[in-house]
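Participant: Provided herewith is a single structure, encoded as structure tokens, for subsequent inquiry.
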Ligand SMILES: O=C(CO)COP(=O)(O)O
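Numbering (my numbering), first residue to last: 420 to 731.
Okay, structure coming up:
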């Protein structure tokens, strides 16, 4: 794909990713690129902004309205003893009360986790089936999760897309079934390394999102948190740069506006996953369209608390 002048201005060094559509993210929010205020007002604003620590300056009012979200995906790790200890540590820790926290243990330990965890902490299954019941050996239904007080589910994780060959359509059907059954969904999308190197990042995430948009009504996006997890950054220690993450998140937000609704564009949370740690979370959390994280390996460690508290 040819990258126009406007793209080039908005692209950063290490992220040769085309932005969806023709405009840079700042233009997508209809924000002027320079303030339309008088000189004395500007002087006043700049004087006071020097007095306020940078971290407390809100990037934009929409971000303020979206509750920060941190998910812990335990994947196929842990047994009764270690999961009990992780949950008890979380219960005892001082967690940022403005952050929504959801942990996702393996299926066998969902009810144990729900019973042990502080009610403020949500619990998510790592998968669900798209059919309501019947002869589907090994699967778990939406109704069974809801009946066990499990209110969240992770759908479309790249490990299921890549290793278990789940298709965009199957993932979209599961998402619809989950939402119709009263669950909220952490909907995972992201490109492989080859796709990124072929400059296809936005094409891939758009294709994955379009499949879900075919199944969901505009209102049902209220129940979705989108997790952008570049496959090459998962479990590799290779975290996306803050610019790479922001760039794709901004494109996803633009897609929400164009393909779902203005409300979805303003309100749907877009979280980042892929080698998030206590070291890189603060910088990522500052980005305008990064509304939280989906954490794998570090969610099994005490460092998870620091990631939950990335903004304090
Ligand atoms: O896949 C992930 C969360 O769903 C990310 O895993 P890591 O944080 O271990 O890279």
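All C-beta atoms in this analysis are idealised placements derived from N, C-alpha and C, irrespective of residue type, glycine included. Please read these numbers as outputs of a predicted model, since none were measured by experiment.
Where do the N-terminal and C-terminal ends of the alpha helix (DSSP H) with residue 728 fall, by residue?
Facilitator: Residue 728 -> no alpha helix (DSSP H), and no H or E assigned at all.
Participant: Could you give the DSSP three-state label for residue 405: helix, strand or coil?
Facilitator: Any property of residue 405 remains undetermined from this structure, which presents the chain solely from 420 to 731.
Participant: Between which two residues does the beta strand (DSSP E) containing residue 747 stretch?
Facilitator: Nothing can be reported for residue 747: it is not among the residues displayed for the chain, which extend from 420 to 731.
Participant: Among the residues of its own chain, which have a CB less than 8 Å from the CB of residue 708, if the five just before and after it don't count?
Facilitator: Here the set comprises 444, 482, 665, 668, 669, 671, 672 and 689.
Participant: Cutting at 6 Å between CB atoms, please list the residues of its own chain near residue 518, excluding the five before and the five after it.
Facilitator: Excluding positions up to five away in sequence, the list reads 487, 489 and 727.
Participant: Distance check for residue 694 and residue 657, CA to CA, integer angstroms please.
Facilitator: Computed Cα separation, rounded: 6 Å.
Participant: Of the choices 696, 646, 683 and 498, whose alpha-carbon is the least far from that of residue 573?
Facilitator: Residue 646 is the option with its Cα nearest to residue 573.
Participant: On a CA-only basis, which of 544, 558 and 723 is nearest residue 550? Give me that one, please.
Facilitator: Nearest option by C-alpha distance: 558.
Participant: Would you call residue 601 buried or exposed, if buried means 16 or more other Cβ atoms sit within 10 Å of its Cβ?
Facilitator: Residue 601 comes out exposed.
Participant: Short of 6 Å in beta carbon distance, which residues of its chain neighbour residue 502, apart from the five on each side in sequence? Order them along the chain.
Facilitator: The residues are 524 and 528.
Participant: Using the C-alpha atoms, what's the distance from residue 730 back to residue 510?
Facilitator: So the alpha carbons of these two residues sit roughly 19 Å apart.
Participant: Assuming residue 591 and residue 642 form a contact by the criterion Cβ under 8 Å, report the distance between their Cβ atoms to the nearest whole angstrom.
Facilitator: Rounded, the Cβ-Cβ distance is 14 Å, inconsistent with contact.
Participant: For residue 512, name the three-state secondary structure that DSSP assigns.
Facilitator: Three-state result, residue 512: coil.
Participant: With a 10 Å radius around its C-beta and 16 neighbouring C-beta atoms as the bar for buried, classify residue 625 as buried or exposed.
Facilitator: Result: buried.
Participant: Across which residues does DSSP place residue 713 in a beta bridge pair?
Facilitator: Its beta-bridge partners are 490 and 692.
Participant: Run through DSSP, which three-state label would residue 544 get?
Facilitator: In this structure, residue 544 counts as strand in the three-state DSSP scheme.
Participant: Give me whichever residues DSSP pairs with residue 606 in a beta bridge.
Facilitator: Partner(s): 574 and 645.
Participant: Could you tell me the alpha carbon to alpha carbon distance between residue 512 and residue 724, rounded to whole angstroms?
Facilitator: C-alpha separation (whole angstroms): 7 Å.
Participant: List the whole-angstrom C-beta distance separating residue 683 from residue 640, where the pair is believed to meet the contact cut-off of C-beta under 8 Å.
Facilitator: Sure, about 4 Å apart at Cβ, within 8 Å.
Participant: Evaluate residue 675 with the Cβ neighbour count: other Cβ atoms within 10 Å of its Cβ, from every protein chain shown; 16 or more gives buried, anything less gives exposed.
Facilitator: Answer is buried; the Cβ neighbour count reaches 16.
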